[in-house]
Amino acid sequence: MQESLKGLKEWKFIVGHLATQDDYLMRLYFMVNGSFPPVAERAMSHGYVRPRPAEFGRCLLPEYEQFLERS
Numbered sequence: 013m014q015e016s017l018k019g020l021k022e023w024k025f026i027v028g029h030l031a032t033q034d035d036y037l038m039r040l041y042f043m044v045n046g047s048f049p050p051v052a053e054r055a056m057s058h059g060y061v062r063p064r065p066a067e068f069g070r071c072l073l074p075e076y077e078q079f080l081e082r083s
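Reading the sequence shown from the start, the letters are residues 13 to 83 in the working numbering.
Right, here's the structure in full:
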């Protein structure tokens, strides 16, 4: 991803924005399914959940942190 956007000065803003969107997609997933996607296994019975891109850093949702602590 970074290579395709290498020339942009706004790289940090873009990655931050995409990470925020990803956090809220995780929240929507939780609202619809009642749980977060499994951490170790990304294949789901109703589709595929991609891993979070490393460039985004960790998910900043407080409820996701609690989910990881329980897992």
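Ideal Cβ placement from N, Cα and C applies to all residues, glycine included.
Item: DSSP-derived helix/strand/coil call for glutamate 89; Value: A query on residue 89 cannot be resolved here, the shown segment of the chain reaching from 13 to 83 and no further.
Item: Valine 27 versus glycine 69: straight-line alpha-carbon distance, rounded; Value: 9 Å
Item: For glycine 69, the three-state DSSP class (helix, strand or coil); Value: coil
Item: Residue closest to glutamate 77, alpha-carbon to alpha-carbon, out of Ser47, Glu67, Lys24, Phe25; Value: Ser47
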